[in-house]
Amino acid sequence: MQKTKKTSLKSYNSFGVNAISTKFTIANSEQKITEFLERISFSSPIILGGGTNILFKNNIDTNIIKIEIKGITITSETSKHIDISVGAGEKWDDLVNWSIQRNYGGLENLSLIPGNVGSAPIQNIGAYGVELKDCFLRCRAVSVESGTIKIFNSNECDFSYRSSIFKKDLKNKYIISNVSFRLSKKNHKINLSYEPLKKHIINKNITEPTIKDISNSVIEIRNSKLPDPKIIGNCGSFFKNPIISLIDFKKLNETQNNVPFFNVSPDKVKVPAAWLIEKCGFKGKKEGNTGTHKAHALIIVNHGKATGKEIFNFAQKIKNAVLRKFNILLEEEVNIIEN
Ligand code: EPU
0 MQKTKKTSLK SYNSFGVNAI STKFTIANSE QKITEFLERI SFSSPIILGG GTNILFKNNI
60 DTNIIKIEIK GITITSETSK HIDISVGAGE KWDDLVNWSI QRNYGGLENL SLIPGNVGSA
120 PIQNIGAYGV ELKDCFLRCR AVSVESGTIK IFNSNECDFS YRSSIFKKDL KNKYIISNVS
180 FRLSKKNHKI NLSYEPLKKH IINKNITEPT IKDISNSVIE IRNSKLPDPK IIGNCGSFFK
240 NPIISLIDFK KLNETQNNVP FFNVSPDKVK VPAAWLIEKC GFKGKKEGNT GTHKAHALII
300 VNHGKATGKE IFNFAQKIKN AVLRKFNILL EEEVNIIEN
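Numbering (numbering that gives the first Met the number 0), first residue to last: 0 to 338.
Written out as structure tokens, the structure reads:
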């Protein structure tokens with residue numbers, strides 16, 4: 000375990016915001032997490048994974064613990080599937096590549112998502128028709144209040160769109176140390192439910208896509224519109240796609256043409272936040288050191304020297320504009336850390 004007095008968080012958050020932490024600790028095992036919690040008398044720390052979904056609004060005086068538990072272990076296997084247990088500090092996309100290389104199916108649609116394995120269940124990461132919950136078995140987590148270990152199965156995680164129990168009742172109450180998945184070994188379920196992915200595969204003249212084909216296509220689509228945080232600071236989608244009632248959706252269609260939507264339930268639809276933001280004139284807009292990406296209105300970027308506050312204020316401006324124009328309140332997907 001390493002403890003430093005003052006640490007710049009610039010390389011620990013994909014927005015590339017230069018916030019300063021006064022109490023920064025790295026833990027590479029469950030035991031190190033428990034020791035850390037004892038040292039801080041079980042007070043509430045900020046838990047940091049890959050830093051790809053977090054905005055530090057200010058410098059941080061609260062204790063930060065960065066989880067770097069590594070390792071991918073096969074725990075059981077049948078002729079049909081394989082169960083694996085993965086350290087929370089593994090990079091998500093390294094895990095996806097590990098599975099594709101071995102022809103284990105389930106994670107291919109989730110290729111290239113930034114962030115670490117331990118953060119994935121917290122917001123039930125999802126893309127191109129698949130969510131983490133689809134191949135999740137269980138996770139191990141350390142209680143912040145007692146240092147004891149608890150195992151959560153899928154039901155206990157209470158997964159929903161970009162959410163779980165760890166974002167609701169148990170927010171900041173557990174530190175996830177390890178996540179287990181079940182992957183297929185054969186007869187992989189190819190998921191082409193996301194229309195642009197299906198079109199991409201058809202355009203490539205692939206008739207029977209393999210999980211490698213899916214992964215490659217997802218990577219190509221993502222690279223064509225999502226900026227690489229190593230080149231331009233960002234956290235992917237800044238807001239969630241709002242879920243609205245069918246009644247409100249019909250009202251929206253009275254004033255707007257061809258509003259895109261995804262069905263959620265018989266009386267609810269999800270409207271792309273990117274569309275709402277673009278309609279408010281924010282696509283590709285630059286304001287000082289921040290702005291939205293030119294290829295995707297939902298992605299707020301750091302043009303180089305933005306502070307957390309600048310990014311936050313710009314996001315609020317977008318939120319206000321969408322509220323005024325559409326009477327829809329956007330909800331942040333990114334975690335905003337105040338201090
Ligand atoms: N659109 C616009 N303007 C834009 C971009 C998109 O109007 O600048 C409209 C288009 O109609 C498009 C629709 O928005 O068809 C949806 O856009 P896209 O396919 O890019 O997906 P998204 O809904 O914006 C979600 C996830 C992404 C995930 C993609 C693909 C959320 C908040 N975001 O984005 O996840 O990669 O679907 O599955 O659900 C992330 O969480 O950081 C993330 C990137």
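For glycine and all other residues, C-beta sits at the position ideal for the given N, C-alpha and C.
Computed from a predicted model, the values in this text were never measured in an experiment.
query = At what residues does the alpha helix (DSSP H) containing aspartate 247 begin and finish?
reply = As a first step, residue 247 is located in the sequence shown; it is residue number 248 there, counting from the start. Aspartate 247 -> alpha helix (DSSP H) spans 245-254.
Worksheet item: For isoleucine 150, is the classification buried or exposed, using 16 other Cβ atoms within 10 angstroms of its Cβ as the cut-off for buried?
Response: The residue you call residue 150 lines up with position 151 of the sequence shown. By the 10 Å Cβ count, isoleucine 150 comes out exposed.
C-beta atoms of isoleucine 164 and asparagine 233 nearer than 8 Å: In the sequence shown, the residue the question calls residue 164 occupies position 165. In the sequence shown, the residue the question calls residue 233 occupies position 234. Their beta carbons are not under 8 Å apart, which means isoleucine 164 does not touch asparagine 233 by this criterion.
- Query: Does the region 196-208 come within contact of the region 223-237, defined as at least 3 CB pairs closer than 8 Å?
  - Reply: no
Would the beta-carbon of histidine 295 be found less than 7 Å away from any heavy atom of ligand 1? The count along the sequence shown starts at 1 and reaches residue 295 at position 296. Indeed, a heavy atom of ligand 1 lies less than 7 Å from the Cβ.
query: Quick one: is glycine 15 buried, meaning 16 or more other Cβ sit within 10 Å of its Cβ, or exposed?
result: To locate residue 15, count along the sequence shown from 1; it is residue 16. Classification of glycine 15: buried, given that the 10 Å Cβ count is 16 or more.
(Q) With H, G and I counted as helix, E and B as strand and the rest as coil, what does DSSP make of alanine 273? (A) In the sequence shown, counting from the first residue as 1, residue 273 sits at position 274. Residue state, collapsed to three classes: helix.
### Paired residues, beta bridge with glycine 105 - DSSP
As a working mapping, residue 105 is identified with position 106 in the sequence shown. According to DSSP, which records beta bridges pairwise, glycine 105 is partnered with nothing at all.
Cα-Cα separation between asparagine 152 and asparagine 338, rounded to whole angstroms:
The sequence position of residue 152 within the sequence shown is 153, counting from 1. The sequence position of residue 338 within the sequence shown is 339, counting from 1. Distance between the alpha carbons of asparagine 152 and asparagine 338 is about 32 Å.
ask   = Beta carbon of asparagine 256: closer than 7 Å to some heavy atom of ligand 1?
value = For the purposes of this step, residue 256 is taken as residue 257 along the sequence shown, with counting starting at 1. Not under cutoff, so the answer is no.
message = I need the DSSP call for serine 84, collapsed to helix, strand or coil.
response = The sequence position of residue 84 within the sequence shown is 85, counting from 1. Note: serine 84 maps to strand in three-state DSSP.
- Task: Could you check the C-alpha separation between lysine 9 and valine 143 for me, to the nearest Å?
- Result: The residue you call residue 9 lines up with position 10 of the sequence shown. The residue you call residue 143 lines up with position 144 of the sequence shown. When rounded, the distance between both Cα atoms is 26 Å.
Check your understanding: Are glutamate 89 and isoleucine 112 closer than 8 Å when you measure CB to CB?
Key -> Counting from one through the sequence shown, the residue named residue 89 turns up at place 90. Counting from one through the sequence shown, the residue named residue 112 turns up at place 113. No, these two residues do not count as a Cβ contact at 8 Å.
- Task: Check the DSSP bridge columns for lysine 149 and list the partner residues they point to.
- Result: For the purposes of this step, residue 149 is taken as the residue at position 150 of the sequence shown. For lysine 149, which the question treats as bridged, DSSP gives the partners Ala140.
Does the Cβ of isoleucine 201 have 16 or more other Cβ atoms within 10 Å, making it buried, or fewer, making it exposed? By one-based count along the sequence shown, residue 201 stands at place 202. Isoleucine 201 should be labelled exposed.
Roughly how many whole angstroms lie between the Cα atoms of leucine 109 and glutamate 331? Translated into the one-based positions of the sequence shown, residue 109 becomes position 110. Translated into the one-based positions of the sequence shown, residue 331 becomes position 332. If I take the Cα positions, the gap works out to 21 Å.
(Q) Which residue marks the beginning of the alpha helix (DSSP H) containing serine 13, and which one marks its end? (A) Here residue 13 corresponds to residue number 14 of the sequence shown, with the count starting at 1. Careful: serine 13 lies outside any alpha helix (DSSP H) and carries neither H nor E.
In chain order, each beta strand (DSSP E) run of at least 3 residues that lies wholly inside the region 162-227 | 173-183
Lysine 65: first and last residue of the uninterrupted beta strand (DSSP E) it sits in: Residue 65 sits at position 66 when you count from the first residue of the sequence shown. First-last of the beta strand (DSSP E) with lysine 65: 63-66.
Inset, instruction - Tell me where the alpha helix (DSSP H) around alanine 26 begins and ends. - result: In the sequence shown, counting from the first residue as 1, residue 26 sits at position 27. From DSSP, alanine 26 is part of no alpha helix (DSSP H) but of the beta strand (DSSP E) over 23-26.
Practice task
Give the secondary structure of lysine 282 by DSSP, where H, G and I count as helix, E and B as strand, and everything else as coil.
Solution key: The count along the sequence shown starts at 1 and reaches residue 282 at position 283. Lysine 282 falls in the coil class under three-state DSSP.
Check: alanine 126 C-beta below 7 Å from any heavy atom of ligand 1 | On the sequence shown, residue 126 is found 127 positions in, with the first residue counted as 1. Alanine 126 Cβ: within cutoff of ligand 1.
C-beta atoms of alanine 119 and serine 176 nearer than 8 Å:
Your numbering for residue 119 matches position 120 in the sequence shown. Your numbering for residue 176 matches position 177 in the sequence shown. No, they are not a contact pair.
Kindly indicate which residue of Asn288, Phe248, Thr61 has the alpha-carbon position closest to the one of proline 271. Working through the sequence shown from its first residue, we reach residue 271 at position 272. Answer by Cα proximity: Phe248.
Since threonine 33 is in the alpha helix (DSSP H), which residue starts that stretch and which ends it?
Locating residue 33 in the sequence shown gives position 34, counting from the first residue. It spans 29-38 - the alpha helix (DSSP H) in which threonine 33 sits, taken as one unbroken run.
| said: Within 10 Å of its beta-carbon, does alanine 294 have 16 or more other beta-carbons around it, so buried, or fewer, so exposed? | reply: Numbered from 1 along the sequence shown, position 295 holds the residue referred to as residue 294. It counts as exposed.
Please report how far the alpha carbon of methionine 0 lies from the alpha carbon of isoleucine 68, in whole angstroms.
Your numbering for residue 0 matches position 1 in the sequence shown. Your numbering for residue 68 matches position 69 in the sequence shown. Summary for methionine 0: the model assigns pLDDT 49, below 50, so the residue's position carries little reliability, and this model does not support an answer.
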